[in-house]
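For reference, each letter of the sequence shown is one residue, going 3 to 149 in our numbering.
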Amino acid sequence: MIALASDHAGLELKGVIARYLDERGLQYTDFGTHTAASCNYPEFGLKAAQAVASGQCERGILVCGTGFGISLAANKVRGIRCVNCSEPYTAVLSRGHNNTNMISLGARVIGHGLAISIVEGWLDAQFEAGRHQDRIEMISRYEESGV
Ligand code: RB5
3 MIALASDHAG LELKGVIARY LDERGLQYTD FGTHTAASCN YPEFGLKAAQ AVASGQCERG
63 ILVCGTGFGI SLAANKVRGI RCVNCSEPYT AVLSRGHNNT NMISLGARVI GHGLAISIVE
123 GWLDAQFEAG RHQDRIEMIS RYEESGV
């Protein structure tokens with residue numbers, strides 16, 4: 003299960019991503035927003051991030067105007083590793099090296115075609131573990147203990 007969330011600025015692109023997931027037969031839960039009315043990205047980004055952190059969803063895709071605000075919110079949830087991507091190379095490496103469990107996209111930054119290439123690359127990439135696992139554990143230890 004993939005968690006989706008956006009604010010009003012990301013609503014249209016989130017719909018494009020949802021249709022792409024439908025085409026691939028991948029299931030998702032849309033944590034909102036569901037209307038074009040102006041809203042606050044942390045509300046929806048945090049809901050999706052909590053669903054990923056709890057295991058309800060395996061991964062998540064977030065969209066706001068730049069992709070930054072909603073990723074900042076998501077990364078406040080313990081266990082979330084979310085990066086903002088504007089091209090596929092970063093998205094693929096964020097999975098391979100950083101084991102990202104969420105990505106965010108900027109609907110006012112990239113077009114629909116590029117967004118789908120990013121999502122496709124990220125969904126298909128595999129975490130490489132090894133030395134990258136040690137580095138992620140350093141972050142997790144800090145998150146747990148503050149040192
Ligand atoms: C909304 O206007 C905009 O600030 C939001 O979508 C996002 O870009 C914030 O980071």
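Backbone N, C-alpha and C fix where the C-beta goes; we use that ideal spot for every residue, glycine too.
These figures come from a predicted structure and were not determined experimentally.
Three-way DSSP call (helix, strand, coil) for residue i in this model
i: residue 149; result: coil
i: residue 6; result: strand
Pick from the options that is closest to residue i, judged by C-alpha positions
i: residue 26; options: 118, 34 and 33; result: 118
i: residue 91; options: 124, 114 and 60; result: 124
i: residue 137; options: 83, 109 and 93; result: 83
i: residue 18; options: 77, 109 and 57; result: 109
i: residue 100; options: 79, 140 and 89; result: 140
i: residue 65; options: 10, 107 and 144; result: 107
i: residue 115; options: 9, 8, 3 and 21; result: 21
i: residue 94; options: 120, 78, 113 and 70; result: 120
i: residue 58; options: 29, 78 and 86; result: 29
i: residue 40; options: 129, 23, 12 and 103; result: 12
i: residue 130; options: 96, 48 and 105; result: 96
i: residue 23; options: 70, 149 and 122; result: 122
Proximity test, Cβ basis, 7 Å: residue i and chain D
i: residue 141; result: The displayed structure is made up of one protein chain only, and chain D is not part of it.
Nearest-angstrom Cβ-Cβ length linking residue i and residue j, presumed shorter than 8 Å
i: residue 55; j: residue 98; result: Not confirmed; about 21 Å, so no contact.
i: residue 31; j: residue 53; result: 7 Å
i: residue 72; j: residue 43; result: 4 Å
i: residue 33; j: residue 75; result: Not really, about 12 Å apart at Cβ, beyond 8 Å.
i: residue 111; j: residue 88; result: 6 Å
i: residue 7; j: residue 50; result: 4 Å
i: residue 145; j: residue 61; result: About 19 Å; that fails the 8 Å criterion.
> Enumerated in chain order, which unbroken segments of the beta strand (DSSP E) with a length of 3 residues or greater are wholly contained in the segment 69-119?
Replying inline: You should have 84-86 and 104-108.
> Can you give, in chain order, each stretch of the alpha helix (DSSP H) that sits fully within the segment 37-70 and has at least 4 residues?
Replying inline: Runs found: 43-56.
> Residues with a Cβ closer than 5 Å to any heavy atom of the ligand RB5, in chain order?
Replying inline: Here the list is 9, 11, 66, 67, 68, 70 and 71.
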